Structure formats: C-alpha cells, structure tokens
Amino acid sequence: MSDQFFSKLPSSRRGFLRRSAALAIALPTAAEVLSSCSEGKASKAPVRNDPSSHPTMAPASAPVLSARDKADAMDAMHEKGVKAFPAKTRGKGNVLMQPRVMGGVKVFDLTCSEVDWEVEAGRSVKAWAYNGQVPGPQIRVREGDRVRVNLKNELPQSTVIHFHGLELPNNLDGVPFITQPPIKPGETFTYEFVVPNPGSHMYHSHHNAAYQVGMGLLGAFIVEPKDARNEPKADVDYVMILNDTMHGYTLNGKSFPATEPVVAKLGQTVRIRFMNEGMMIHPMHLHGMHMTVIAKDGWDQPAPWKCDTLNIAPGERWDVLVKATNPGTWAFHCHILPHAESEHGMLGMVTALIVQPAGV
Amino acid sequence: MSDQFFSKLPSSRRGFLRRSAALAIALPTAAEVLSSCSEGKASKAPVRNDPSSHPTMAPASAPVLSARDKADAMDAMHEKGVKAFPAKTRGKGNVLMQPRVMGGVKVFDLTCSEVDWEVEAGRSVKAWAYNGQVPGPQIRVREGDRVRVNLKNELPQSTVIHFHGLELPNNLDGVPFITQPPIKPGETFTYEFVVPNPGSHMYHSHHNAAYQVGMGLLGAFIVEPKDARNEPKADVDYVMILNDTMHGYTLNGKSFPATEPVVAKLGQTVRIRFMNEGMMIHPMHLHGMHMTVIAKDGWDQPAPWKCDTLNIAPGERWDVLVKATNPGTWAFHCHILPHAESEHGMLGMVTALIVQPAGV
Amino acid sequence: MSDQFFSKLPSSRRGFLRRSAALAIALPTAAEVLSSCSEGKASKAPVRNDPSSHPTMAPASAPVLSARDKADAMDAMHEKGVKAFPAKTRGKGNVLMQPRVMGGVKVFDLTCSEVDWEVEAGRSVKAWAYNGQVPGPQIRVREGDRVRVNLKNELPQSTVIHFHGLELPNNLDGVPFITQPPIKPGETFTYEFVVPNPGSHMYHSHHNAAYQVGMGLLGAFIVEPKDARNEPKADVDYVMILNDTMHGYTLNGKSFPATEPVVAKLGQTVRIRFMNEGMMIHPMHLHGMHMTVIAKDGWDQPAPWKCDTLNIAPGERWDVLVKATNPGTWAFHCHILPHAESEHGMLGMVTALIVQPAGV
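Chains as they are written, first to last, in our numbering: chain L, 22 to 381; chain G, 22 to 381; chain A, 22 to 381.
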C-alpha cells in the first residue's frame, strides 16, 4: 500500500526521512523537538538558561532546526505512520469461527486464557482472550439454530459469558449469582440454546466485567435472520469493534497503523456493524461517502437515515450501509481527535475504507 | 430475594463464605488479595523482599491462597453484593407526592434543606434535598392543571427551581437574574402556572447548579396528556433518574445493591421514563428483553424504535416500553462498566427488571 | 440588556454589590468565601486553629459574614456575569465570508496563523486561526457551485484542510500522506471543486488535528441545496459551533458572558445548525421552547422529531428549527452543568435565545 499512497510524493521527502533519522541522533528526543515545535518558535532543542544555546552560537554538534526543519520532522513521523498502514502484527482477532456440527447443533468451543497481544507493531500487552484472539472469534449463526458454547476457563479468576442482545432464557443470561454460579478457574461451562432474535450482538464476560472485558473477553455474535428477504444486499459485511480500555484505543483489537482497512470495489455495498465494548463514546467519521443507518442493537430502524459521523456508546451496536461510490483510500476514524491523532501522527481508532476500481 | 436467587447454589459455597471470613482475619485487606488475584499468580498476600514469604515457607499464620481460593474470595464479594439486593437503606427518593388541592389548584409544598442521605447501606453523604428526598418527590399532574409550587429555602445558599422541559411563561423559568431574583436563604417563592405541555420532565435548581443539582436538588415532573387516547397502555410506569455526581453512581438516589428493582408480571407492559441529572452519558442496557423507544424529552418519536442499550445524555429524558415476555430476574445497568462493577462486585448504576409469573 | 434583565431587582441588591465590593478588600479571596459557603456554615473567612477567629471575637478588621451575606456575595458574582452578557470582546469568529468571484468560481482566500484570541473579556489565549477568526470565516455556497479555497500557511507547522462532510474527489480530501502532502509553513495550497452535497458541513485541519483543531483551525461550510423547494422556511439561520479544547468551553469561540445571543421576533422560525468541533459530547438544552430536529450531518432525517435537549457528539452536525412562540430571554446551554456554571456564576457554553415582541 505504501506505493499506492506515496508514489506521488516528491523524492525529496523520502530523502528528508533519511536526513531526519540522522539528525535524530543529535537530538534529545522527538518529543522535545515537538514540544519546541508547539511553541511555534525557531530554536534548537531546549537547553535552559544556556548562553551557548543561542542559534547563532550553536556548535556543530547541536544542529539548528529551522521552523521548516521542525515541521518536516513532525511530518516525517506522521508519514511514517501512514506508510506503515496496515502494519503487520502477530495475532488477529474477530476471525470468523467455524463451529463443529454435532447432531444438528453448532458447537463453539471457547477457551479463555491470558495471552500476549500485539496491539501495534512492537507494543504487546497482557490480554485475556477467547481462543487467543482479541476480540474473540466472530460467531455467526442463523435465527433458530441450535447453538452450544462450551467455555473452558483457564484464567485465574472465575468468569461467565453474557450474550449481549440475545433474548435467552434467564438461566443462560450469564450474570453470576443472578442467573448462574461463576465458572471457576479450571472449570468448563456449557451454554446451549435456540438462537432467538437476529441482529448484530456481542458476547462478553459479565463477571468482574470492568476488568475482564477491558482485558479482552469480548466478541461479536452475529445472527442472520431466518427470513432474509428483507435483509439489505451487501457485498462486504464487516464487523468493527471499538475499544478504549486497558489496551488503548483500538478497532478490532489493534491500534493504527496496525488496524485493518475495509476494502470494497467501486459500486459495491458495504455493511458495517459497529460495536462498542469500551467505556467511552466514539463518533465514527467516514470520509468521502455517507453511511445509511439501518439497525440499532440488531433491530431495524423504522426508516433508514444518513450521516457521516455516527456516535456509538458503550454496549451499543449500529448497522450501517455504505455505497462505495467514491474511489480512493478514505480515512475512517473516531472524531474525538485524541483517539485518532497526536503530534507523533495518527494513532488508535483510525482505519481506512479503500474503494478500489470495479475492474480490479 | 436471596432465596429466589441462590436456592440452587451448592452449600459448599455458603461454607466457603464462612471460611473466607475466617481467612480474612489473617489477610491484610481484601483489596490486597484482589490485587494479587489480578496478577494471576498464586502467592500469599504481598510481602515485599521477605524470604519467609515464599509459599512453601509460609508460617501457619499466613495462609497460602491458591488461585482457586483467590477466585473464591473475589466471587464471595460479588455474591455478597447480589445477595444483599435490594438492600435496605434509610430514606427513599422519587416518592409520588400528593398535592393539596386549594380552589382547583394543585399545591406542592417543597422545602429544600441539607440532609444526610444513605446512598447504600452504611454510606451516608451530605445531600441537598427537596422534602428530604433524593431525588425530590415525584410530581405528577395533568396537562392544563393549575399548579402551585411553594419553595421554602432552608439552605445556606440562594436557589431557584427550573422546570426543565415545561414551556412556561418566561418569568417562571427559574433562571436567576434572567427570569427572577434568586430565592435567598430563609425565603419562600411561589411558582404558579397552567401546565403547558405533556411528557416526562424534571425540576431542579438552576442556581449554582453544577453544585446544587449535584448535591441532590432535582426531581421528576411528569405531565399526563389531557387527551390520553394516544397514550400507550402500561401496567407499570416507572421513573428512573440517573446520576453520577457528588453521591456517586446512582439510580433514583441509591447505589447497587440499594437500588430498587422494577417489577412486572409476565405479559405486562412496563413504561420506563429515563432521566439523566448527572454530568455523563449513561447507556442503559436491559438484559433478556428489548426496549421500544416512544418519546424523547416528552415528545413522541415519529415512529417507535427498538434497542437494548439506550444512551441517555445529561438533561435528556427518554420514554420506553418493555413488554415483560421473559420470566426471571434480569440485570439492568449502565454499560459503562466502571459505573456498574469493580473487582469487589456490582455497584452503582445496577438494578434488575424482575418478571414474575403471571399468576403471582 | 442589563436594564431589560434587572429593572425589577430591588435597589438593596445593587447596594449590596457596593457593600460586598468593600468587604472583598478584607477577605482573602472570593474563592475562599465560596469554599466556606459550600460548607453550609456561618463563619468568617477561613483561619485555621486561630482562637481569635471565633465569630464573637472577630476584630473589626475581619468582618463576620452571615449565611445571608455569603449567599449575597455568591449571588452578586452570578448577577455580575449575567449583567455582563453579551460582553464585548475583541474579535468575532464565524463571520460570513464574501468570496471573490473569478470566471464563475467563488474564491475563498484563507490564511492560517497564530493570533491572540479574546475568549471572554480579559482572557486572551494563543489561537491558530483562519483569517484571524475562531471559528474561521463562515463559508456559504450552493450545491453545484465551483469553489476555490486558497490556503496560505503562516503557521510554524504544516497543515491541510479537510472539508468534513463534503463528498469530494479523493485528492481533495485533505488527509496528509493519504490524499495529499502536508502544506508546509510558508506554502499555499489550492483546493478547487464543484460543491457536491448540500447541508451543514465543516472545514478544519486534518494534520496534527488534535492540536491544530483544538487551537482553532475550524469553521462552518454551509451548502445550500440547488433545489431549495424542500428547504424549511427560516427567518433566522444560525450556526453554533461547540468547542471544549485549548480555549475552554466555547460557543463560536467565546465563553459566557461573551457569547452571542440568538435573536428572533415572536412568531419567527429559527434554524440552528449545531456543530461540535470539541472532544466531548454537549447536550444543548433550550429553555421555554422545543427544537424540531430536521437534519443530521447535512442529511434530512426521515421524519422531523422534537426535543429540548440535543446531544451533539464530536464531528456531528444537527440542524433544528425553533418556532419562536414564547417571548422573553431564554437560557440556552450545555446541560453538562460544569460546562455551564460554577460557584462563581454561569460560564462557558451558555447563551440565550431572545424572543422579541413581533412589532420591534
């Protein structure tokens, strides 16, 4: 993708990147440079009350940065992040899970355990994960299916699963001491039910949940309707899980530039199922095209409505359609700007919708 | 309710509760145990750089906790909270107020003063209250009624009442120095008006309001429509006031497990009038059944729409209907998880919708 | 306006203002007085562990404040703020910009630079501004117009413009390293396009945006529809840009009491275009009348709906109509109360809708 993005950049910028890398050796830290950038003054890296720090007296070992040099240094960091997108990392979450089918029952075997999770290249965190994924494996079934979820708990804490949005019988609702005892470390528990209501739902821990969900015990539970005649036609069906807890600002468990782009061909229809598993709202803004909102928490809206910025609160799911009418690579990000950018470049809850030529 | 919740729990857990209570004597604090739980390691309570702290060398007075023991200790705290629900506390807010009727006028006498308010069992706070209640007494009148509200100010600050949502004549809008002088300590002020527009409204202080409303000067003001033919039929009509300010995370002035359950019989329709008097959004999530949203700020939505998680912002009121189709006790809570749970158990903005058998 | 507001205030209050000003000399600070007010106790200004501080022993130089005196002192501060509204400040943002027309192209020349911006009387901040305004000049064009925006960058950082909400060709989307190189300090860049979709949109920096937008690089970009037959008739069309970043809580770049009232005559229809360029939600509450919501992000809602408190998230735009049926001066503010009031009086995101008699 770097070629696709940057083929038109002047070679002088690429040259600058090398030059600024060399400069960096002489500079205390990028943060200090940026700090002085923000002051909007042309000065060398901060040295307090030191007469020798005057630009005209700077020794050769402390290069003088012009305003332009400092802008270039900042831009180089921003460019580096964009060029790295989509950056490779170990581990992928939200991967569609194939059930075992036993006697007509779709069986999903989940194990929760502690893992190392690479949120962005070089930044790994402790995570509590279903089957080693953050978010957990994506479960997709059909309304009326008989489903069995076996949860093996390899964590040091008890846990449970709440199927958020599914209207299950009470004893399968997954709330410790209200509907079931907690599943102790080392134990396995089985949830089995006929899938009641269609839509974009979730599964997650409901025990010590501020901690356990924050650590990664969450996933998408998508239910296709039995009667699909009223379903909108979509060429791409994408689940985007928003998070902002122990692992930072993430989309499907990764932070920009390690986030995954949504890809469509010109003229296609993309269905995006937003789900917020964090603690904050995230108004997701799509560039270049609008979104048509069709469902909330798995229930059809009475009439579709359009927007380019959709505010998604914790626990909510919103389904939207995007008609990929505008070719190119389009920024797609949370519009709480500190969730998406800093002086060091774009970060966190940023991805792209890539609309490719129809013929590709 | 503890029987209803826990009759199926194995007696070994009840035994554990007693055992863990005994253990607690030897343990520094529950928080320290939990802290070590979170590290996911089996070790005794933290003692730094002390060779005798090695598990195999632990003296009898410092019992070694296995991962299971620690999970059990945490679970016991969670169980204790749920078992206590609904916990008894002194004082109840949002109690329906019967007006005096004088010459066809419904007269509501309110006195605001400082009181001690028990938010949950054993935790009392200073509150500023109307008639000693947090939220203040629930006022219910009918569109077109003539209403008189006498406010006696026994607080050390001036105050006023703003009838949030009512389209009153300007001089009754309750904004100091814009529509009226503040009501000084010791003074009484009378608001009298014909009730203009129906719906779920509020009354609260509008003077030094970040402080005064935060301290408790707020209540529900419900206006039944004159023509009730288009009103949805509801068997239960419940006002739920959300708050997050000086008294912590509360529903109708109480924190879990001292919150009040919403109770309905199977097949009944429950109308819930959400009102947010805090400073943060609260996406309220109902388990087991969905909500049908019918009104915003007292105005009918153009078409009802469904959800299971409804984001309620400060100052907003949302009316929803819940058809009680799913028997059992259902968690009902803010989905910003730290508003609802910690390692010590559920807390704050948690209650339950209890759907009882139709015959009870 | 002070006359309009305060003509009915007793002269004793005006006298008190003078008296309290005199008292202030002897008092440590107003904040300390307020602090003791909040404790709800009648005592003189705080002096710790000093026997002479007992009220009955207070020397003449340390006047004893009664509860009433303290309430009066607080009220005087609140009154002072309201009386000052709308306070004059240097600089006005969001001023409608007249383009140069060249060969049928509407040309908008923007220069971004650092300026001093008076947010409220006596409080100036460093701002990064388009043409010296915060928000930048209001751009209003018509769907199908050919528009050219020349941006001259006089800032020490690179920048770009993203036209938030406009469905432009990819190379004009204004995202550095994805759709264009950043515009370096001293450089000028030209965006030229046929205006695609109507509605209430925005323009702002998309480079180092958490900082640059926070510092003021933002403005309204309003597109009138080519076919205006379905447009609602509005006598007043008002753009209100909400912000909460480096400059504090502001409406159109100013904090109360320096905010600008919205003014209409009785019976007129006011269209308000809310835009949030901050990092937080702001539920805007109008007193005395309701708002009818007609559009989101420039797209018509499927059916208008009514409210008095509208939650506006970062990046969102909401268009509402207000029928000015209720004469008077009406508070109009964010209902996150600390964004609107403190013990020192109303502040930040507060303005008023003034409904004047029809004949004026």
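From the three backbone atoms N, C-alpha and C, an ideal C-beta is built for every residue, glycine too.
Nothing here was measured: the structure is a model prediction, and the numbers come from that model.
Would a check of beta-carbon distances place G:Met370 closer than 8 Å to chain A? no
At 7 Å on the CB atoms, spell out the chain L contacts of A:Pro206, in chain order. Ala88, Arg89, Ala92
Using a Cβ-Cβ cut-off of 8 Å, state whether A:Lys247 counts as contacting chain L. no
Looking at chain G, which residues of the segment 305 to 330 of chain L have a Cβ within less than 9 Å of any of its Cβ atoms? Lys317, Asp318, Gly319, Trp320, Asp321, Gln322, Pro323, Ala324
Would you mind stating whether G:Trp176 and G:Trp138 have Cβ atoms separated by less than 8 Å? Note that residue 176 of chain G corresponds to Leu in the displayed sequence, not to Trp. No; because the gap between Cβ atoms is not below 8 Å, this pair is not in contact.
In chain G, what lies closer than 9 Å to L:Ile395 by C-beta? There is simply no residue 395 of chain L to check, as chain L begins at 22 and stops at 381 in what is shown.
Between A:Ala334, A:Ser134, A:Ser87, A:Pro348, which has its C-alpha nearest G:Asp194's C-alpha? A:Pro348
Going along the chain, which residues of the segment 267 to 282 of chain A sit with their C-beta nearer than 7 Å to a C-beta in chain L? none
Please look up how many angstroms separate the CB atoms of A:Ala174 and A:Gly207, rounded, as I've assumed it's under 8 Å. Reading off the sequence, residue 174 of chain A comes out as Asn, not Ala. Right, their Cβ atoms sit about 7 Å apart.
Spatially closest choice to A:Glu364 from A:Ala88, A:Ala92, A:Leu86, A:Val85, by CA coordinates: A:Ala92
Would you list the one or two residues that DSSP bridges to L:Glu141? L:Arg144
Of all the options G:Cys355, G:Leu263, G:Leu272, which has the alpha carbon lying nearest to the alpha carbon of L:Pro335? G:Cys355
Quick one, are the C-beta atoms of A:Thr350 and A:Lys327 less than 8 Å apart? no
Just to confirm before moving on: does the CB-CB distance between G:Met267 and G:Met236 stay below 8 Å? yes
Can you tell me whether G:Leu117 is buried or exposed? The criterion is at least 16 other CB atoms within 10 Å of its CB, across all chains shown. exposed
Would you call the segment 315 to 329 of chain A and the segment 208 to 221 of chain G touching, i.e. three or more CB-CB distances under 8 Å? no
Given a cut-off of 8 Å, decide if G:Val103 and G:Ala131 are closer than it, judged by their beta-carbon atoms. One point to set straight first is that residue 131 of chain G is Leu, not Ala, in the sequence displayed. Cβ atoms of G:Leu131 and G:Val103: not closer than 8 Å.
Using a C-beta to C-beta distance shorter than 7 Å, which residues of chain B count as neighbours of L:Met300? You won't find chain B in this structure, because its protein chains are L, G and A.
Pull up the CB-CB distance for L:Phe277 and L:Leu368, whole angstroms please, since I reckon it's below 8 Å. 6 Å
Do the segment 236 to 253 of chain A and the segment 278 to 287 of chain A meet, that is, are 3 or more Cβ pairs less than 8 Å apart? no
By DSSP's criteria, A:Ala316 is part of a beta bridge. Which residues make up the other side? A:Asp321, A:Asp340
Are the CB atoms of L:His183 and L:Pro203 within a distance shorter than 8 Å? no
Candidates L:Ile160, L:Ala88, L:Ile302: which alpha carbon is nearest L:Val216's? L:Ile160
Step through the CB atoms of chain A and report whether any lies within less than 8 Å of the CB of G:Leu131. no
Can you confirm whether L:Met95, when its beta carbon is compared against all beta carbons of chain A, has any partner nearer than 8 Å? yes
Which value, in whole angstroms, describes the spacing of the CA atoms of L:Tyr189 and L:Thr200? In the sequence on display, residue 189 of chain L carries Leu and not Tyr. If I take the Cα positions, the gap works out to 11 Å.
Min CB distance A:Asp194 to chain L below 8 Å: yes
Determine, for L:Trp149, whether the minimum Cβ-Cβ distance to residues of chain A falls below 8 Å. no
Taking the alpha-carbon positions, what's the G:Arg167 to L:Asp265 distance? 50 Å
Please report whether the beta-carbon of L:His303 lies at a distance below 8 Å from any beta-carbon of chain G. no
Of all the options A:Tyr212, A:Thr110, A:His303, A:Asn251, which has the alpha carbon lying nearest to the alpha carbon of A:Met370? A:His303
Selected residue, minimal CA-CA separation from A:Cys133, among A:Ser226, A:Phe353, A:Glu164: A:Ser226
Bridge partner(s) assigned by DSSP for L:Thr132: L:Lys173
Taking the alpha-carbon of A:Phe198 as reference, which of A:Thr180, A:Tyr212, A:Thr209, A:Phe214 has the nearest alpha-carbon? A:Thr180
Alpha carbon to alpha carbon, how far is L:Ala241 from L:Val341? 16 Å
Closer than 9 Å by beta-carbon distance: list the chain G residues that pair up with L:Tyr232, in chain order. Ser59, Leu358, Glu362, Ser363, Glu364
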